[in-house]
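Residue numbers (our numbering): 1046 to 1412.
Here is the structure we will look at, set down as structure tokens.
Written out as structure tokens, the structure reads:
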């Protein structure tokens, strides 16, 4: 998950629903007779310094803005690369769960992104890159803020929930994004989207009911479920910028600046929350940083070269990895309510995905 990261922007192009994690919004106007929850006219939002269109070659306020990268002729390679990115990120979740249990979520994320800054920075700066233009740097910074919030809340929950449950609940992010698009972008929500949202809600209820009925139910479980939903909210909000960032910057640049900005943002809380981990955790922190960096590189490369509607289903392979890794490393049994709820949520997201446009959609992202 977590995929993992990250911002809100208002664009003149209306964002339409696509699915994720690491997922998205809105939709074309409904056909005649289709219900509308939101019927406000399309509003002309534009953040200074950003391109008017997804396919624009330059930003209007910057003579040095970078061209948008074209998609790959064949989606097969990006699809396989995205699958590898999800698998790598799922492996990182294993290390981060252990770190969050022993160090706390704040310190686990702070030290991981700090190490990630060194790892990705060594690779990125060795290439002698040019300084990003103002619009690109703004995207890096804003998106990183939401990544920081998303990561801390998710890993706090992960320390208290089985990995598979946390991942399954996080799949509600694309459904949340639908309603965010209606509120912030004036999007129209049609009958299909409403049905999908209700189906996803049923899936969540099934998972939570299964958790509450378990004999080993912990009082922290409901708080952890709430933290996953909060993380998913940050994640859904972040998705508006994700694909645009991948189109405007190289994967190594994204990895470096995301790690750097998240570290700086979290460091603001260091006087109150910082704890220096014992040396025995150094290899776990470095390993998590390397896995997160590799995952972000793979996902950024893939989403810059293929549409989200093609790659979105790779996100759901994360649930399979979560079941496997949770069982192998934490002896976490996967319950039938978790599986049933995950199926309902994924089905809901796929219903929304069927409406995905052939234009540039939004990229899912890792935490």
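Every residue gets a Cβ at the ideal spot worked out from N, C-alpha and C, and that includes glycine.
Worksheet item: When you compare only the Cα positions, how much space is there between residue 1360 and residue 1368?
Response: So the two alpha carbons sit approximately 14 Å from each other.
Item to complete: Can you tell me which of the three DSSP states residue 1216 falls into?
Response: Here DSSP, grouped into helix, strand and coil, assigns residue 1216 to coil.
Practice prompt. Report yes or no: do the stretch 1129-1140 and the stretch 1333-1340 share at least 3 C-beta pairs separated by less than 8 Å?
Written response: The answer is yes - the stretch 1333-1340 touches the stretch 1129-1140, with three or more Cβ pairs under 8 Å.
Fill in: Beta-carbon spacing of residue 1347, residue 1356 below 7 Å
Taking the C-beta atoms as reference points, residue 1356 is found nearer than 7 Å to residue 1347.
Item to complete: With a threshold of 16 other CB atoms inside 10 Å of the CB of residue 1093, please say whether the residue is buried or exposed.
Response: With a pLDDT of 39 at residue 1093, under the threshold of 50, the modelled position of that residue is not reliable, and the figure given next carries that caveat. With fewer than 16 Cβ atoms within 10 Å of its Cβ, residue 1093 is classed as exposed.
Practice prompt. Using the Cα positions of residue 1392 and residue 1302, report the straight-line distance between them to the nearest angstrom.
Written response: For residue 1392 and residue 1302, the gap between their C-alpha atoms comes out near 35 Å.
Worksheet item: Is the Cβ-Cβ distance between residue 1145 and residue 1338 less than 7 Å?
Response: Going by C-beta atoms, residue 1145 is not nearer than 7 Å to residue 1338.
Practice prompt. Compare the C-alpha of residue 1160 against each of 1327, 1256 and 1123 and name the closest.
Written response: Comparing Cα-Cα distances from residue 1160 to each of 1327, 1256 and 1123, the minimum goes to 1327.
Discussion item. Please state the DSSP three-state secondary structure of residue 1173.
Written reply: Residue 1173: coil per DSSP, three-state reduction.
Worksheet entry | For residue 1150 and residue 1217, believed in contact at Cβ under 8 Å, the rounded distance | Contact check for residue 1217 and residue 1150: beta-carbon distance about 20 Å, past the 8 Å limit, so the pair fails to qualify.
Worksheet item: Mind pulling the alpha helix (DSSP H) runs of 4 or more residues that sit fully within the stretch 1223-1307?
Response: Within the stretch 1223-1307, the complete alpha helix (DSSP H) segments at least 4 residues long are 1236-1258 and 1265-1293, listed from N- to C-terminus.
Practice prompt. Leaving out five residues on either side along the sequence, give the residues of the same chain with a beta carbon under 6 Å from the beta carbon of residue 1308.
Written response: Non-local C-beta neighbours of residue 1308 in its own chain, meaning closer than 6 Å and more than five positions away in sequence, comprise 1158, 1159 and 1162, ordered along the chain.
Discussion item. So, with DSSP's three-state summary, where would you put residue 1178?
Written reply: Correct three-state label for residue 1178: coil.
Discussion item. Contact defined as beta carbons within less than 8 Å: I believe residue 1208 pairs with residue 1371. What is the distance between those atoms, to the nearest angstrom?
Written reply: A Cβ-Cβ separation of about 4 Å places residue 1208 in contact with residue 1371 under the 8 Å criterion.
Worksheet item: Taking the alpha-carbon positions, what's the residue 1171 to residue 1294 distance?
Response: Annotation: residue 1171 to residue 1294 spans about 17 Å, alpha carbon to alpha carbon.
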